[in-house]
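Those protein sequence lines, which keep their order, are chains C and X. Residue numbers for the first sequence follow this note's numbering, beginning at 12 and rising by one. Residue numbers for the second sequence follow this note's numbering, beginning at 12 and rising by one. Yeah, the Cβ is synthetic: ideal placement off N, Cα and C, and Gly gets one too. Here the structure is laid out as structure tokens; the discussion comes afterwards.
2 protein chains.
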Amino acid sequence: MFSRACEYAIKIMIYIAANEQEGKRTGLKEVTEAISSPEAFTAKILQQLVKNDLLLSFRGPSGGFILNDKKEIRLHDIVVAIDGTHLLNDCILGLNECSSANPCPVHDKFLLVKNQLTESLLSTRVNDEALLKGKNSLKN
Amino acid sequence: MFSRACEYAIKIMIYIAANEQEGKRTGLKEVTEAISSPEAFTAKILQQLVKNDLLLSFRGPSGGFILNDKKEIRLHDIVVAIDGTHLLNDCILGLNECSSANPCPVHDKFLLVKNQLTESLLSTRVNDEALLKGKNSLKN
DNA sequence: TTAATTTCGGACAAATTTATCCTTAATTAG
DNA sequence: CTAATTAAGGATAAATTTGTCCGAAATTAA
Ligand code: SF4
Ligand code: SF4
Chain C
12 MFSRACEYAI KIMIYIAANE QEGKRTGLKE VTEAISSPEA FTAKILQQLV KNDLLLSFRG
72 PSGGFILNDK KEIRLHDIVV AIDGTHLLND CILGLNECSS ANPCPVHDKF LLVKNQLTES
132 LLSTRVNDEA LLKGKNSLKN
Chain X
12 MFSRACEYAI KIMIYIAANE QEGKRTGLKE VTEAISSPEA FTAKILQQLV KNDLLLSFRG
72 PSGGFILNDK KEIRLHDIVV AIDGTHLLND CILGLNECSS ANPCPVHDKF LLVKNQLTES
132 LLSTRVNDEA LLKGKNSLKN
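Structural data, given as structure tokens:
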């Protein structure tokens, strides 16, 4: 469904959000440990999240990452930042044009799925209580 | 969502099913033309569909492919044949364990999406009237 | 029987994604 | 100021997916 990078990104953001709830800034090594991800690859993803204004970064000792909480960050923001809008906007069959007027064979069924997915991603924020609770089940 | 190979596979199956409705057997070149896919790659996918008992193949002049209609083929069968069960069974976040007892952060929201996707794939058959109608919108 | 057609299947190549390595830049603490 | 720490970022490598090439095997038609 999502790229592996995006899976990591979601875990990263949930972990950092939970940490922040306790007033803690989160470093690369800590989050890598917490979600069991390859360190250097995780660093790249963190950079992308910073570039997309979802995180703020600080260098040096006691540096790390915090949420850019000007916005209440939704899972949707994370997925779009890492995987782009293809999953959510493009045709499930990879067709170029999609008109509800002249729908392709599987139009109706998949519109439902896609709408529900989009709605789920839009309505879930990384600082939702349910997500923060699960901070410790992000390994494996 | 699906791999490109799987997108092709779905188009292939819809096209062959529609052709069969008119009593026609379908060849590699014809289906490649009909869905605008790379020929050699399409051949591989056709082989996989044969191996998975979704298609029957015939060599030689006037050869080609027809549905193995011992079963009424569902989109679910195609997706599983090409992409496996990962999309439908595995954790959306890539976690190893998934227990509803001790659910991960995003359990509830995504269970809905996954169930609806699975249900859509299970309930749609390639010989559904709606799909056959769209035979000509598979290009692009 | 011969030639043409069509699928089969292995090897290979290109493109993309995932992951690693290493140097530089910024920041902090002593 | 110096040394330690941490993120930034470029180059590269490994793995996977996508796509190509070509000869072999089967079948049909003449
Ligand atoms: S309506 Fe058809 S063409 Fe459009 S996104 Fe859905 S499956 Fe694709
Ligand atoms: S409940 Fe959590 S662990 Fe299980 S599939 Fe859903 S997101 Fe993944």
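Residue i at chain C interface by Cβ criterion, 8 Å
| i | result |
| --- | --- |
| Arg15 of chain X | yes |
| Leu133 of chain X | no |
| Glu18 of chain X | yes |
| Gln60 of chain X | At residue 60 of chain X the sequence reads Leu, which differs from the Gln that was named. Chain C contact via Cβ: absent. |
| Ser35 of chain X | Note that residue 35 of chain X is Lys in the sequence shown, not Ser. No, Lys35 of chain X does not count as interfacial toward chain C. |
| Val90 of chain X | no |
| Phe52 of chain X | no |
| Lys55 of chain X | no |
| Lys82 of chain X | no |
CB contact check: residue i to chain X, cutoff 8 Å
| i | result |
| --- | --- |
| Ser68 of chain C | no |
| Gly105 of chain C | yes |
| Gln32 of chain C | no |
| Met24 of chain C | no |
| Val42 of chain C | no |
| Phe76 of chain C | no |
| Ile21 of chain C | yes |
| Leu142 of chain C | yes |
| Leu65 of chain C | no |
| Leu128 of chain C | yes |
| His123 of chain C | In the sequence as displayed, the identity of residue 123 of chain C is Leu instead of His. With 8 Å as the cut-off, Leu123 of chain C counts as an interface residue toward chain X. |
| Leu98 of chain C | yes |
Through-space distance from residue j to residue i, alpha-carbon basis
| i | j | result |
| --- | --- | --- |
| Asn126 of chain X | Ala16 of chain C | 24 Å |
| Val137 of chain C | Glu130 of chain X | 28 Å |
| Asp80 of chain X | Gly145 of chain X | 20 Å |
| Gln58 of chain C | Arg36 of chain C | 16 Å |
| Leu128 of chain X | Leu98 of chain X | 10 Å |
| Asp119 of chain X | Leu133 of chain C | 14 Å |
| Leu149 of chain X | Thr53 of chain X | 14 Å |
| Leu60 of chain X | Leu39 of chain X | 13 Å |
| Ile46 of chain X | Glu140 of chain C | 46 Å |
| Ile27 of chain C | Phe76 of chain C | 7 Å |
| Leu104 of chain C | Glu18 of chain X | 5 Å |
| Leu143 of chain X | Val117 of chain X | 37 Å |
| Glu83 of chain C | Gln32 of chain C | 14 Å |
| His87 of chain X | Met12 of chain C | 15 Å |
| Glu41 of chain X | Asn63 of chain X | 21 Å |
| Lys22 of chain C | Leu106 of chain X | 10 Å |
| Phe69 of chain X | Ile89 of chain X | 20 Å |
| Ser7 of chain X | Asn30 of chain X | Residue 7 of chain X lies beyond the range of chain X shown here (12 to 151); nothing can be said about it. |
| Gly95 of chain X | Val124 of chain X | 18 Å |
| Leu65 of chain X | Lys55 of chain X | 14 Å |
| Thr135 of chain C | Ser48 of chain X | 37 Å |
| Glu50 of chain C | Thr43 of chain C | 6 Å |
| Ile25 of chain X | Met24 of chain C | 40 Å |
| Asp101 of chain X | Val91 of chain X | 13 Å |
| Leu67 of chain X | Arg85 of chain X | 16 Å |
Terminal residues of the beta strand (DSSP E) in which residue i lies
| i | result |
| --- | --- |
| Ile103 of chain X | It is not in any beta strand (DSSP E) - Ile103 of chain X carries neither H nor E in the DSSP assignment. |
| Phe69 of chain X | 66-69 |
| Ile77 of chain C | 75-78 |
Segment limits, alpha helix (DSSP H) that includes residue i
| i | result |
| --- | --- |
| Ser131 of chain C | 118-134 |
| Lys22 of chain X | 15-32 |
| Glu83 of chain C | First-last for Glu83 of chain C: undefined, no H or E at that position. |
| Leu149 of chain X | From DSSP, Leu149 of chain X is part of no alpha helix (DSSP H); its letter is neither H nor E. |
| Lys35 of chain C | Lys35 of chain C -> no alpha helix (DSSP H), and no H or E assigned at all. |
Secondary structure of residue i, DSSP reduced to three states
| i | result |
| --- | --- |
| Thr96 of chain X | coil |
| Val61 of chain C | helix |
| Asp9 of chain C | With chain C covering 12 to 151 only, the question about residue 9 of chain C has no answer from this structure. |
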